[in-house]
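So the mapping is simple: the numbering used here equals the position in the sequence shown, first residue as 1, plus 866. Below is one structure, written out as structure tokens; the observations come after it.
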Amino acid sequence: MDFFTPFVIRRKHSFSKMIAFLLAVVCLVGSLSQTAQAENTFVITDGDAVTVHTTYASDPAKVLQEAGVTLSAEDIYTTESVDGVSEIKVQRLQSVTVHLGEEVIQTTTYGESMEALFVRLGIVIDDSVVVSMPLDSVTYDGMDVRVDRVSEATESYTTEMPFETSYCDDPTMAAGEEKILVAGQVGQMICTANVTYVNGVESQRNVYQQTVTVEPVTQIVARGTGEMVGQESDMPLIGDGFIVLPTGEVLTYIRKDSFVATAYTHMDDGCDEFTANGAPVKWGVVAVDPEVIPYGTRMFIVSNDGAYVYGLSTAEDCGGAIQDKRLDLYMPTLEEAFQFGVRNCTVYFLGDANWKHN
């Protein structure tokens, strides 16, 4: 029995050393494992969203899953370590529509400048091209951009000028009846314009010069009023800006106004057979105040009561009592002058009439 005692003691002592060694190994392994599983910090950029995620994982796919960032089959990501911080940048597949004139181009990208996109698509951008957004714009999903080719040209061309239609009342025609007295004619003019074309289609035309080569002729239409149906009339038909004589001749006037008119003959005291400017007196010679109506002014005169048409006349004479809006109409006989008396008349100034009265 004494022989086995030292042996047992030695066995117990060896076993204790083994246990101590195993415990040391376990601690070392645990320490190494803990070091291997130290926390990592990731900065995840997904468009405008930035997420900071701390994890023991090191696989980016696992990190994205833990952070709740879901990728489609077409989405990609890149990784980068900056100053000890791990970055994961998610790049989503973007759909971009480019309208190149009439052509529509559907393309995809993971985010790039418009300029880079055009280079990739082979679209040449020069001074003749207008893009709907700046070239340094960054693409985004659903982006819609126009690329238009713009050109300008100066063009001269002949165009028609439509004629106007004027109406006058004719009491000798049945009410509602119409008759064309002067047929209208279109005019012509040469136009010079700056023309802008977008993708070959005119978008704007700026006419900066017009030269009339053929004046349009106003169409004149008589409308019956029915007061003198079946009767003849020597009264002119007067419309807006024109006078149709019974002969069919058409006069145009530029203004009209009322004057008080008297009549005189060459037999009146102080008068002779010549006007103040030396011309022989005749029907149609009118004495005027030359400060109001200059000599040489052509007129057509009718009485306001419609009873008298003096007709075509010219300012060629004057008189001491003829001032302001007074007229004196020459008539060959005293009887005609007395019959006319004093009347309110409408004076139609013809052509280049120069009436100075204010």
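The beta-carbon is built from N, C-alpha and C at its ideal position, and this holds for glycine as well. As the structure is a prediction and not an experimental result, all values here were calculated from the model.
Following the DSSP letters along the chain, one finds M1165 inside the beta strand (DSSP E) bounded by residues R1164 to S1169.
Taken in chain order, the complete alpha helix (DSSP H) segments of 4 residues or longer contained in the stretch 965-997 are 980-987. Rounded to whole angstroms, the Cβ separation of K1122 and T1180 is 17 Å, and the two are not in contact under 8 Å. In the assembly as shown, R1071 is an exposed residue. Its beta-carbon has fewer than 16 other beta-carbons within 10 Å. When beta bridges are read from the DSSP output, I942 appears opposite Q957.
According to DSSP, residue pairing for T1062 in a beta bridge involves E1018 and Q1070. Our two residues, D1171 and M1197, have alpha carbons roughly 19 Å apart in a direct line. Residue pairing from DSSP places V1048 in a beta bridge opposite I1086. Cβ-Cβ distances below 6 Å link I954 to F908, I910, P926, Y943 and T945 in the same chain, with the five nearest sequence neighbours on each side left out; the list follows chain order. At a Cβ-Cβ threshold of 8 Å, V1152 and L1216 do not count as neighbours. Contact annotation: A1145 and E1182 have beta-carbon atoms nearer than 8 Å. With respect to the 8 Å criterion, L983 and I991 are not classified as neighbours on the basis of their beta carbons. In this structure V1048 is in contact with V1083, their Cβ atoms being roughly 7 Å apart against a cut-off of 8 Å. Annotation for F1125: the continuous beta strand (DSSP E) segment containing it runs V1116 to Y1130. One alpha carbon belongs to E1202, the other to I1188, and they sit about 19 Å apart. Counting only the Cα atoms, D1036 lies some 9 Å from V1095. By a beta-carbon distance limit of 8 Å, A1142 does not contact L1195. Their separation comes to about 15 Å. When secondary structure is reduced to three states using DSSP, F1206 falls in the helix class.
Cβ atoms of C1034 and L1103 come within 8 Å of each other, at about 4 Å. The closest CA to that of E1157, considering only A1173, S1124, G1177 and K1191, is found on K1191. Across the structure, E905 and D993 are spaced so that their CA atoms are roughly 55 Å apart. Rounded to the nearest angstrom, the Cβ distance from Q972 to Y1006 is 15 Å, too far for a contact under 8 Å. The bridge partners DSSP lists for C1211 are F1125 and S1169.
In this structure, Q1054 lies away from T1031, with their beta-carbon atoms at least 8 Å apart.
In this chain, A1153 is not harboured by any alpha helix (DSSP H); it is covered by the beta strand (DSSP E) spanning V1151 to A1153.
One alpha carbon belongs to R958, the other to V1061, and they sit about 44 Å apart. Cα atoms of V996 and E932: separation of roughly 46 Å, rounded to the nearest angstrom.
Judged by DSSP in its simplified three-state form, P1146 adopts strand.
DSSP, read as helix, strand or coil, puts V962 in strand. Between M999 and V1011, the C-beta gap is smaller than 8 Å, which places the two residues in contact. DSSP, read as helix, strand or coil, puts L1193 in strand. By the beta-carbon neighbour count (other beta carbons within 10 angstroms, threshold 16), F1206 is buried. The beta carbon of T1091 sits closer than 8 Å to the beta carbons of D1035, D1036, P1037, M1039 and A1041 from its chain, once the five residues preceding and following it are set aside; these are given in chain order. For E1098, there is no enclosing beta strand (DSSP E), as DSSP marks it with neither H nor E. DSSP links D1007 through a beta bridge to no other residue.
Nearest C-alpha to D941 among H919, G977 and A915: G977.
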